[in-house]
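Q: The structure's right below; bear with me while I get my questions together.
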Amino acid sequence: IIPAMAASLVSIANVPLAAMLFVVEVFGAPYLLPALICLIVTVLLALDVSIYRSQREKYDERQILPGYSVRRVSIPSHWENKTIVDLRIRNRYGLNVLGLIENHSKSGEYQQQVRLNPDMNKRLHEGDILVVLGRDVRLDEFEKRLLEEISSP
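Using my numbering, you'd call the opening residue of the sequence shown number 1345 and step up by one each time.
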């Protein structure tokens, strides 16, 4: 039970050393080796499991159905003051714009405002984020073309 408790603390709190110290302090040194073994096994198993990574560390990709995802795309500088209609994202790439995350800086404070189903005639600003839905192949093509546009003068 004690090693399992240490392993669960590691997976929940993601602080392996604190979990080890907790077990040793509460139950004494005899549980150090079993807790250490559980810790090592837990760390090895957790390396490729996404539940142990924070949302911000993950790639901005969320699969809705097999082959369909939602992705966040930052507005580049050359899209400044253009509208979603001007960009023709749906016509050119077959993607649907689900939302817009506007990044504002008021008096030095950084604020975000989320707009679901945004007005298609709203002017976009560099640093804002579009949330788009579509087939993975089309999303990849969209991101590839966007990178090409950014890198070309």
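Note that beta-carbon positions come from the ideal geometry of N, C-alpha and C, so glycine has one too.
Thinking C-beta only, is L1474 closer than 7 Å to V1441?
A: yes
Q: Taking only runs that begin and end inside the segment 1415 to 1488, name each unbroken beta strand (DSSP E) of 3 or more residues, in chain order.
A: Counting only runs of 3 or more, we get 1440 to 1450, 1453 to 1460, 1473 to 1479.
Q: Could you check if R1415 is buried or exposed, using at least 16 other CB atoms within 10 Å of its CB as the buried criterion?
A: With 16 or more other Cβ atoms within 10 Å, it is buried.
Q: Thinking C-alpha only, which one of V1370, V1417, L1477, D1484 is nearest R1434?
A: Taking R1434 as reference, the option from V1370, V1417, L1477, D1484 with the minimal CA-CA separation is L1477.
Q: Report yes or no: do three or more beta-carbon pairs, one from the segment 1456 to 1469 and one from the segment 1409 to 1429, lie closer than 8 Å?
A: Judged by Cβ distances under 8 Å, the segment 1456 to 1469 makes contact with the segment 1409 to 1429, as three or more pairs qualify.
Q: Give the straight-line distance between the Cα atoms of L1439 and S1418, rounded to the nearest whole angstrom.
A: Roughly 15 Å between the two C-alpha positions.
Q: State the DSSP-derived secondary structure class of S1413, mapped to helix, strand or coil.
A: strand
Q: Express the C-alpha separation of R1436 and G1411 in angstroms, rounding to a whole number.
A: 19 Å
Q: Can you list, in chain order, the residues of its chain whose CB lies under 8 Å from that of Y1454, leaving out five sequence neighbours each side?
A: N1447, H1448
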